[in-house]
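Chains as they are written, first to last, in my numbering: chain L, 1 to 89; chain E, 1001 to 1240. Note that the Cβ used here is the ideal one computed from N, Cα and C, for glycine as well. Here's the structure we're looking at; comments come further down.
So, in structure tokens, the structure goes:
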């Protein structure tokens, strides 16, 4: 199983309680943090734990690659599909 | 013997109750000094990225704070007897179940979460403090607010107070007045002066109502009555 960008968007919105964001309004390559969508460091931690629980991917704050994996919906999709396990639907 | 009352200089006041008519027995609406509302708190002014993190307690406090139209820079004092009890209990239950706790819940469970979020929302970097003092929380928080104003008289003080309903597990035997919040803007020259008197020798009594309800009736100009609780008696009197 592979995760799609649409599924990743729904996952991010549900995990972080983004009540004003829809999958349609979130771009595949839009930066998630700071001047992009505006998520902060608490969101990064929350997302990291949720990704670990759901997709068994390990994203460590010590790993310089984590910043790149968390950059956008597309980079997270690639990260999960390469290193994680997507539960079958 | 009663102690010499403290004079609290007030510019504006607001109160919110989840259930109406308000627990304090006040009519909704503003008399030009005290604004009273119940029902859903109005937090539409809060940007969505901040709003998603607001608990019911924070929403009540923010609703009241907004009604005061505080200046851009204020010193903030927050007081709550129970704070974010529901979030704290959720974290404890996650720990007990051996699961990872939510960083977002943890960061918003601390007692100074409400003034912290207010500071993020308004970009105000002036100091803030958070008080919890059992049944006397409202009055002792107000003393803290007065002390902050005395330390820096030119900087108005935004006093935020509130309590949510306790989770059922912790609610046994604890008075449950229903979610409520109050905001007071302290500064000079005052529109009104609230006199705060404490009688440490008042006979101990079971708390029937939160102190804030007594203070709010005084602020509305209604006949007051002393509040008595386990620790002391308090008087709230409005001066012209």
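- Per DSSP, residue 1107 of chain E is one residue of the alpha helix (DSSP H) stretching across 1103-1107.
- For residue 1073 of chain E, same chain residues with a beta-carbon under 6 Å away, outside a window of 5 residues either side, are 1124 and 1126 in chain order.
- Following the DSSP letters along the chain, one finds residue 1017 of chain E inside the beta strand (DSSP E) bounded by residues 1006-1017.
- Ranked by how close their Cα comes to the Cα of residue 1142 of chain E, the residues E:1156, E:1161, E:1151 and E:1134 have E:1161 in first place.
- Any Cβ of chain E closer than 9 Å to the Cβ of residue 19 of chain L would place that residue at the interface, and such an atom is present.
- Beta-bridge pairing by DSSP links residue 1038 of chain E to E:1017.
- Per DSSP, the unbroken alpha helix (DSSP H) holding residue 1119 of chain E starts and ends at 1113-1122.
- In this chain, the beta strand (DSSP E) harbouring residue 1237 of chain E covers 1233-1239.
- Judged by pairs of C-beta atoms under 8 Å, the segment 1093-1105 of chain E does not touch the segment 1184-1204 of chain E, as fewer than three such pairs exist.
- Counting C-beta pairs closer than 8 Å gives three or more between the segment 69-76 of chain L and the segment 25-33 of chain L, which meets the contact rule.
- Distance from the CA atom of residue 1080 of chain E to the CA atom of residue 1159 of chain E, rounded to whole angstroms, is 11 Å.
- Chain order gives the chain L residues near residue 1100 of chain E as 49, 52 and 53, where near means a beta carbon separation below 9 Å.
- When 8 Å is used as the limit between beta carbons, residue 42 of chain L is near these residues of chain E: 1103, 1104 and 1107, in chain order.
- Among the residues of the segment 1052-1077 of chain E, those with a Cβ less than 7 Å away from any Cβ of chain L are 1052, in the order of the chain.
- Under the Cβ criterion of 9 Å, residue 76 of chain L is not counted among the residues facing chain E.
- In this structure, DSSP gives residue 13 of chain L a helical state, which the three-state scheme calls helix.
- Within the same chain, Cβ atoms closer than 6 Å to the Cβ of residue 1094 of chain E are found at 1101, the five residues on either side in sequence being excluded.
- Restricting attention to E:1168, E:1229 and E:1119, the CA atom closest to the CA of residue 1137 of chain E is found in E:1229.
- Per DSSP, the continuous alpha helix (DSSP H) segment holding residue 83 of chain L begins and ends at 73-83.
- Contact between the segment 77-85 of chain L and the segment 1006-1024 of chain E is absent: fewer than three C-beta pairs spanning the two stretches fall below 8 Å.
- A check of alpha carbon separations from residue 1197 of chain E across E:1214, E:1183 and E:1208 identifies E:1214 as the nearest.
- About 37 Å separates the Cβ atoms of residue 1153 of chain E and residue 1165 of chain E, ruling out a contact at the 8 Å cut-off.
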